[in-house]
Each structure stands twice: as structure tokens, then as C-alpha cells.
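Participant:
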Amino acid sequence: MHEALSIATASSINRATLRQQRRSLSARQQRRAATALGQRLSQLTLFQHARRIAYYIANDGEISPQPAIDAVWKRGRLTYLPVLHPLKIKRLYFARHQALSTLRHNRFGIPEPQLGSTSLAPLWTLDIILLPLVAFDRSGNRLGMGGGFYDRSLAALNHSAMKRPLFIGLAHHCQEVTQLESQNWDIPLNMIVTDREIIPITPNNSAQLHQEGP
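Right under this line is the structure:
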């Protein structure tokens, strides 16, 4: 059984070690984890009803949301991928992407949609944003890759009356740590979904869970 790493603060975490842990998973383990993750997400009523979902293409050993997204496409939902902002440093756009859309590799070697003004989605129009992470705790704190792309790009929602999407962190179960130090610029997660469980962070989210099957 996996035991959460006992880590007191974000500054004490060795990102390289945690990243290596997820990269060490075999291709078979990654496929099984992605399938299990998709099953967990499909149990969420809020995910079933969402019309606009932003997700990511797995990289560096991240758990893949693709099986869940394949199911979303079959229901005719709209999906979006992060795109590096061409002018602002460490900022992301979210551009529409469907099954047959063309992708190109950005400067980090990660596939992203071709940038076009008609394909961009304002943050307030998204229902759910699925976020990758390096580590998480059960208070909803997320440790990313260290670049701050998501935190900077989503920060405006913390100081706005705009509708805020639901932030769902996705991870392998082995990425859990006991405690992360929260910084005032961090984007808190509403929920975490792993290959093994759904972890609601707020009471409101807990009430929206609809579990189907064992």
C-alpha cells in the first residue's frame, strides 16, 4: 500500500525525485493508471455535465487524462489545451482542440493547438480545468513543475467576480505527500483524482460526487 511521503514544506521537496518516481512507471502501468483515472472521472456528475473542459497532454510521466477525454468527445463536449502565450512570459492561453485537430510542438516539446483567436476560450467560459502536478496533499495544495505557468495564468480568477472553473488536479496515487506549504500565489484545487480514488477538497464538491459501481 502506498504511504504518503512525509514532507513538511514545498521548499524541502526534491522535484527531481518526485518526477523520477512517476517517470519510472512502465508503459503498461501508465496505461492502466490512465484507464483507472478515466473511470474515476466518469463517476463524477459534474464531469459528466461539463460542456467545456480544459485538459493537458501527458508529459514527463504525468498521468494521462486521454481515456476520459475520448469519452468526453463521444458526448460532443468541447475540450481545450493550454498554449504558451507568444508574448507574455509564463502565461497560458486555452485553445480549442478536438480529436482530429492539428497539433504542433512548443519550445518544451509538448504538443499544443495552433494558436488562433477564434479558438481561444476565456477562463470564465470553462467549466473544468484538469491540471497536472508533481505532488499534492489532501488539503488541495498542488506542487507543479516550478515554472508557475498555471498559477500565473489562473491568478486573475482569484480577484475577479467572473465564474471560476472547477480545478481538478490529476495524479498517480504515488504523488501524494503528507503536507505542502501553501503560498499566496498558489491556485488551490477543488478536487484531486488519482488512479485509485477521488479526493474532494470542499464540502460542496463532496455533495456533487456520484459514485457508480464498486
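Take the sequence shown: its letter number 91 is residue 97 in our numbering, and every next letter is one higher. C-beta: ideal position from N, C-alpha, C; glycine also. Predicted model, so just to flag it, every value in this text is computed and none were measured.
Using 10 angstroms around the beta-carbon of H55, count the other beta-carbons present and answer buried if the total reaches 16, otherwise exposed.
Facilitator: exposed
Participant: Determine, using beta carbons only, whether P71 and L160 come nearer to each other than 7 Å.
Facilitator: No, these two residues do not count as a Cβ contact at 7 Å.
Participant: Just curious, the beta strand (DSSP E) that G44 is in, first and last residue?
Facilitator: From DSSP, G44 is part of no beta strand (DSSP E) but of the alpha helix (DSSP H) over 33 to 48.
Participant: If you run the structure through DSSP and keep just helix, strand and coil, what is I135?
Facilitator: I135: strand per DSSP, three-state reduction.
Participant: Tell me M151's beta-bridge partners as DSSP assigns them.
Facilitator: In the DSSP output, where bridge partners are listed per residue, M151 has none listed.
Participant: Applying the criterion that 16 or more other CB atoms from any shown protein chain within 10 Å of the CB defines a buried residue, is H111 buried or exposed?
Facilitator: exposed
Participant: Let me confirm a value: A16 is counted as buried when at least 16 other C-beta atoms fall within 10 Å, else exposed. Which label applies?
Facilitator: Residue placement at A16 is poorly supported in this model, since its pLDDT is 44, which falls under 50; the coordinates still yield a value, given next. Buried is the call here.
Participant: So who's on the other strand from E68, going by DSSP bridges?
Facilitator: DSSP output for E68 lists no bridge partner at all.
Participant: Give the straight-line distance between the Cα atoms of A14 and C180, rounded to the nearest whole angstrom.
Facilitator: Model confidence at A14 stands at a pLDDT of 38, short of 50, so the residue's coordinates are unreliable; what they give is reported in the following sentence. Whole-angstrom Cα-Cα distance: 17 Å.
Participant: If I follow the unbroken beta strand (DSSP E) through T108, where does it start and stop?
Facilitator: From DSSP, T108 is part of no beta strand (DSSP E); its letter is neither H nor E.
Participant: Can you name, in chain order, every residue of its own chain whose Cβ lies under 7 Å from the Cβ of R57, other than the five neighbours on each side?
Facilitator: R83, L84, D133
Participant: Can the beta-carbon of R86 be found less than 7 Å from the beta-carbon of A60?
Facilitator: As written in the sequence, residue 86 is Tyr, which differs from the Arg given in the question. Taking a C-beta distance under 7 Å as the contact criterion, Y86 and A60 qualify as a contact pair.
Participant: Which residues in the same chain as R27 place their Cβ atom closer than 7 Å to its Cβ, once the five residues preceding and following it in sequence are excluded?
Facilitator: Note that residue 27 corresponds to Gln in the displayed sequence, not to Arg. So the list reads C180, once near-sequence residues are dropped.
Participant: Could you tell me the distance, in whole angstroms, from the CA atom of I204 to the CA atom of L52?
Facilitator: Approximately 13 Å between the Cα atoms of the pair.
Participant: Contact check, G44 vs P88 under 8 Å by CB: the rounded distance?
Facilitator: Their Cβ separation, rounded to whole angstroms, is 20 Å, which puts G44 and P88 out of contact at 8 Å.
Participant: Just grab the DSSP bridge partners of I59 for me.
Facilitator: T85, I134, per the DSSP bridge assignment.
Participant: May I ask you to report which of helix, strand or coil DSSP gives L24?
Facilitator: helix
Participant: Within the same chain, show all residues whose beta-carbon is closer than 6 Å to that of A10, passing over the 5 residues directly before and after it, in chain order.
Facilitator: Note that A10 scores a pLDDT of 49, beneath 50, so its modelled location is shaky; the value from the coordinates is reported in the next line. Excluding positions up to five away in sequence, the list reads E182, V183, T184.
Participant: List the whole-angstrom C-beta distance separating A141 from R102, where the pair is believed to meet the contact cut-off of C-beta under 8 Å.
Facilitator: Incorrect: roughly 30 Å between the Cβ atoms, too far for contact.
Participant: Can you have a look at G146 and say buried or exposed, based on whether 16 or more other CB atoms are within 10 angstroms of its CB?
Facilitator: So G146 ends up on the buried side.
Participant: Please tell me whether D201 and A42 are closer than 7 Å, where the distance is taken between their beta carbons.
Facilitator: yes
Participant: If you drop the 5 nearest sequence neighbours on each side, which residues of the same chain put their C-beta closer than 6 Å to that of H8?
Facilitator: The predicted position of H8 is uncertain, since its pLDDT is 49 and thus under 50; a value taken from the coordinates is nonetheless stated next. Hits under 6 Å: H179, C180.
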